[in-house]
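Some notes on the structure that comes next.
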Amino acid sequence: MRAGGRERVAKRVTVVAVAALVAGVVAVGIPANAAWTLPDLPEKDQPSWTMPLDQYVGVGVVRLNYATELLIQDCMVDAGHDDAVVPWRDVDAATNATERQPLRAFDLAAARERGYHVPPTVDAGADAWRAFEYRETSPDEAADRATCLERAYREHPELLTGASASSTTGSVGDVAIRLSNAAFLEARQDASVRRAADAWHACMLDQGVGAGPWADDLPDDPADMPTTRMAQTFTSYDPATPVGDEERDLAETDAACRAASGYLDALYEAEWQQQLTVPHDYGERLAQIDTGPLVAAQQLVDRTIERLGPERPTGL
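Using the working numbering, you'd call the opening residue of the sequence shown number 92 and step up by one each time.
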């Protein structure tokens, strides 16, 4: 298995799902012009890599469950259940480990944060969370929990809607992610993206990468970064290993050239165009979803974790 950056790792994870998606389209014999057009589009936001299909993805199970516990915490404590205080957990790492994510382009923010290292997948708070989830509760506490949940759902009905499109296999959210990933991979073959890849390569040479230790290992396409030798040298396939200065410098140069060459802009526009229509059979499934509550659920969950989430304990 080849080790590499975010695009490559995500591609390996999703290649089977994408292949199954394409095979499904061929199997049902949908003609190329039988496309379903997405009725509503978000505002374009390249830095956030906002895409038309994002509105159908919904909230991941890990984040939804964590936010729900945070929302009922005060109610439970007020009812006398101090063991209902929610412990810290690394929800991002837990999400990376268990739930499929849409493919996203490698950019300067990622390069600065972790070089070419794959996103973390080890939740340092997993033990505390598991103990919290499986703690013994009395019948009174169970009854109070039901009451607190009912109140939370009345106040935030989008919590229930968010669960309906979670990223479990076979859900609408899962379909949207697979369609999104197929669009991302197809966009990288767009003529404008291929031209921008040439400009990226020239930029990397101008920055001296071609004359350094990677002179014989610089690919023609940024999608092939990091190369196998780079990933092995940096152990970037292991999120538990540290990011060294050499890796970070190369990753930042790479990301800066992707932006300066127009590669990111071209890739974003190509993927956006790919996502404007989907095969009709999948469109019929998406058409059954009211995206407004899904977007509201995502926003509520994000706000709740940011506002109510406990501080990371010292030493974790």
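Note that CB positions come from ideal geometry on N, CA and C, so glycine has one too.
Within the stretch 185-229, no complete beta strand (DSSP E) segment of 3 residues or longer occurs. Contact check between the stretch 191-211 and the stretch 330-350: three or more CB pairs, one atom from each, fall below 8 angstroms, which counts as touching. Among the bridge pairs identified by DSSP, W363 is matched with none. When the five nearest sequence neighbours on each side are left out, the beta carbons in the same chain lying within less than 7 angstroms of the beta carbon of T395 are those of A158, L161, L162, in order along the chain. Note that the stretch 274-285 does not touch the stretch 294-304; fewer than 3 beta-carbon pairs, one per stretch, sit closer than 8 angstroms. Here the alpha carbons of R180 and W363 stand approximately 34 angstroms from one another.
Taking a cut-off of 8 angstroms on C-beta distances, the stretch 320-335 touches the stretch 203-211, as three or more cross pairs fall below it. If you look at T395, you'll find it in the alpha helix (DSSP H) that goes 382-399. The stretch 138-157 makes contact with the stretch 379-394; the number of CB pairs closer than 8 angstroms reaches 3 or more. Using a Cβ distance threshold of 8 angstroms, D345 and A202 count as a contacting pair.
The beta carbons of V213 and Y373 sit no closer together than 8 angstroms. Judged by DSSP secondary structure, V369 falls within the beta strand (DSSP E) whose first and last residues are 368-370. Residue pairing from DSSP places T128 in a beta bridge opposite T368. Cα atoms of Q164 and N156: separation of roughly 12 angstroms, rounded to the nearest angstrom.
Residue burial annotation: L367 is exposed, with fewer than 16 other C-beta atoms found within 10 angstroms of its C-beta.
Taken atom to atom, the span from the alpha-carbon of N272 to that of R191 is near 10 angstroms. Between L391 and H247, the gap from beta carbon to beta carbon is short of 8 angstroms. When secondary structure is reduced to three states using DSSP, W291 falls in the helix class.
With respect to R320, D336 sits apart: the two C-beta atoms are not nearer than 8 angstroms. Pairing H371 with A126 gives a Cβ-Cβ distance under 8 angstroms. Residue state for T332 is assigned as coil, using DSSP reduced to three classes. In its chain, beyond the 5 residues on either side, D174 have a beta carbon closer than 8 angstroms to the beta carbon of R226. Inclusion of P178 and P401 in the CB contact set at 8 angstroms is warranted, their separation being smaller than that value. Judged by their CB atoms, A302 and Y354 are not nearer to each other than the 8 angstroms cut-off. With respect to the C-alpha of L377, the residue from V263, A234, E232 having the closest C-alpha is V263.
R180 sits in coil when the DSSP states are folded into three classes, being neither helix nor strand. Look at Q280 here: in three-state DSSP terms it is coil, with no helix or strand label. With respect to M167, C239 sits close: the two C-beta atoms are nearer than 8 angstroms. Following the DSSP letters along the chain, one finds L161 inside the alpha helix (DSSP H) bounded by residues 152-169. Bounds of the alpha helix (DSSP H) holding R320 are 319-325.
Between V152 and V182, the C-beta spacing is not below 8 angstroms.
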